[in-house]
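Here the sequence shown stands for residues 1 to 333, numbered as in the numbering used here.
Glycine residues also receive a C-beta, built at the ideal position from the N, C-alpha and C atoms.
Structure, as structure tokens:
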Amino acid sequence: MLTIHGAKGLEAPVVFLIKADQGGAGDAPFGVALDWPPEDDRPAHFSLYGGAEWRGPGRDGLFERERAQAGRERLNLLYVAMTRARQALFISGVEGGKDGNWLDQARDALERAEMEGLPEMAWATSFPLAQRGSEGDFAALAADFKSPPAPLLQRGEIPPVGARLEPAGPEADFGVLVHAWLEGVTEGRDEAALRRRMELDPATAERVASVAGRILAIPELAPAFDGARHLDARNELEFLDRDGRIARMDRLVEFPAEVWVLDYKTGGLDEPDLARRAAPHLEQMAGYRAAARALHPDKTIRVALVFGDGRVHWVEGDVCMGHDSGQAMKPTP
1 MLTIHGAKGL EAPVVFLIKA DQGGAGDAPF GVALDWPPED DRPAHFSLYG
51 GAEWRGPGRD GLFERERAQA GRERLNLLYV AMTRARQALF ISGVEGGKDG
101 NWLDQARDAL ERAEMEGLPE MAWATSFPLA QRGSEGDFAA LAADFKSPPA
151 PLLQRGEIPP VGARLEPAGP EADFGVLVHA WLEGVTEGRD EAALRRRMEL
201 DPATAERVAS VAGRILAIPE LAPAFDGARH LDARNELEFL DRDGRIARMD
251 RLVEFPAEVW VLDYKTGGLD EPDLARRAAP HLEQMAGYRA AARALHPDKT
301 IRVALVFGDG RVHWVEGDVC MGHDSGQAMK PTP
């Protein structure tokens with residue numbers, strides 16, 4: 001779930017706009033009335049105001065302009081929300097909401113569109129005013145318009161977009177728990193607090209803690225988990241990939257000359273060969289590397305697949321080099 005501001009630049013096949021019965025915020029009980037044209041170097045008006053009964057009529061025009069601007073901003077937000085959907089948009093809310101709410105506006109617009117339909121296109125006789133001239137010029141220009149416009153898509157012809165995701169299974173659910181545990185531990189929470197927060201039964205908690213502890217104990221990754229040995233670290237760092245989708249790095253660690261991107265994997269451990277184990281994730285890791293390089297263009301980016309059995313795969317460009325946690329190949333921050 002995202003706020004509309006957070007969804008700017010994103011698209012999805014299906015979008016739900018919830019709580020659309022809410023109206024815009026009313027006038028604040030107190031604040032600053034400010035009129036500052038962008039081209040001026042100082043405000044044209046600045047004053048404090050209280051409740052409506054204390055304001056007087058002298059600033060009515062200013063308050064009215066601010067309300068109109070707020071209304072335009074709300075319409076802009078509605079436009080952003082509606083244009084995130086590629087295939088289907090669901091707008092929900094409670095009947096009888098506040099005046100001017102998005103639910104009523106969208107419903108009224110839909111009813112008008114269905115009742116009025118689309119106007120017939122006057123394609124052969126309409127030309128830009130800038131191109132109109134004498135009658136001869138008009139005839140010559142009209143001769144170029146011999147093909148009618150392509151017909152609009154009819155109902156039922158909307159092409160499918162996106163991809164259907166398979167539901168998560170027990171293995172994926174366990175991976176989510178390990179990720180959450182590692183995030184909590186690296187942010188300073190103790191195990192007892194994590195057990196309570198995640199509401200884990202004793203057996204599951206022991207299993208999750210065991211896998212997470214195995215990852216945290218990998219010697220070559222110690223600088224990534226020791227705050228005294230790196231400049232900064234972030235868990236679950238979100239970014240937009242090149243297709244506008246949200247992606248998430250498990251852990252990004254910044255050193256003076258390098259940046260490490262760690263991606264935890266708890267599945268596929270039955271495969272003993274690290275190269276084959278890592279192969280399905282290479283494209284994902286390339287995306288992480290590109291995103292980290294955009295954040296830190298002046299530093300070396302190192303990407304590692306960190307498996308729940310204590311083995312690490314450092315991804316170098318398009319080639320993966322794997323080894324067990326105690327072996328020699330390790331980057332030096």
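Ends of the alpha helix (DSSP H) at E183? 170-186
On a Cα-Cα basis, can you pick out the residue from A44, A68, A28 that is closest to R55? A28
One or two residues paired with K265 in a DSSP bridge: F307
Which one of L182, S47, L282 has the shortest CA to CA distance from G31? S47
For I246, count neighbouring C-beta atoms within 10 Å of its own C-beta (all shown protein chains included) and say buried if the count is 16 or more, exposed if not. exposed
Assign P219 to one of three DSSP states: helix, strand, or coil. helix
Near A233, which residues of its chain fall below 6 angstroms by C-beta distance, leaving aside the five closest residues on each side in sequence? V253
What runs of the alpha helix (DSSP H), each 4 residues or longer, lie entirely inside the region 12-66? none
Alpha carbon to alpha carbon, what distance is there between E258 and E39? 44 angstroms
Buried or exposed: where does P223 fall if 16 or more other Cβ atoms within 10 Å of its Cβ makes it buried? buried
Is the Cβ-Cβ distance between T287 and R277 less than 8 angstroms? Note that residue 287 is Gly in the sequence shown here, rather than Thr. It is not a contact, given that the beta carbons lie outside the stated cut-off.
Tell me the rounded alpha-carbon separation between R84 and G244. 11 angstroms
Of the choices A33, A44, D41, E191, whose alpha-carbon is the least far from that of A52? A33
Per-residue burial, A290 [other beta carbons within 10 Å of its own, 16 or more giving buried]: exposed
DSSP-derived helix/strand/coil call for H313: strand
For the alpha helix (DSSP H) containing A292, list its first residue and its last residue. 282-295
Among M249, L110, F63, the one whose alpha carbon lies nearest that of M82: L110
For R86, the three-state DSSP class (helix, strand or coil): strand
Report the partner residues of M198 according to the DSSP bridge assignment. Looking at the DSSP assignment, M198 forms no beta bridge with any residue, so it has no partner.
Can you list, in chain order, the residues of its chain whose CB lies under 7 angstroms from that of L62, leaving out five sequence neighbours each side? A33, D35, H45
N- and C-terminal bounds of the alpha helix (DSSP H) containing L274: 274-278
For F90, count the other beta carbons within 10 Å of its own beta carbon; 16 or more makes it buried, fewer makes it exposed. Which is it? exposed
Residue from L182, E199, A192, A20 with nearest C-alpha to V306: L182
Who are W260's beta bridge partners in DSSP? V253, R302
Cβ of Q87 within 8 angstroms of Cβ of P170? no
Report the rounded CA-to-CA distance for S126 versus V80, giving the unit in angstroms. Note on S126: pLDDT 49, under 50, position unreliable in the model; the coordinate value appears next. If I take the Cα positions, the gap works out to 31 angstroms.
Would you mind stating whether L103 and A217 have Cβ atoms separated by less than 8 angstroms? no
According to the neighbour-count rule (16 or more other Cβ atoms, all chains shown, within 10 Å of its Cβ), is L212 buried or exposed? Note on identity: in this sequence residue 212 is Ala, with Leu being the wrong assignment. Buried, by the Cβ-count rule.
What's the call for L262, buried or exposed, on a 16-neighbour Cβ count within 10 Å? buried
Less than 8 angstroms between C-beta atoms, sequence neighbours within five positions excluded: which residues of the same chain meet that for L177? M198, L200, T204, V208
Report the three-state DSSP secondary structure of D270 (helix, strand or coil). coil
According to DSSP, what are the bridge partners of L10? According to DSSP, which records beta bridges pairwise, L10 is partnered with nothing at all.
Do V315 and L274 count as a contact pair if the criterion is CB distance below 8 angstroms? no
Cβ-based burial, T266 [other Cβ within 10 Å; buried from 16]: buried
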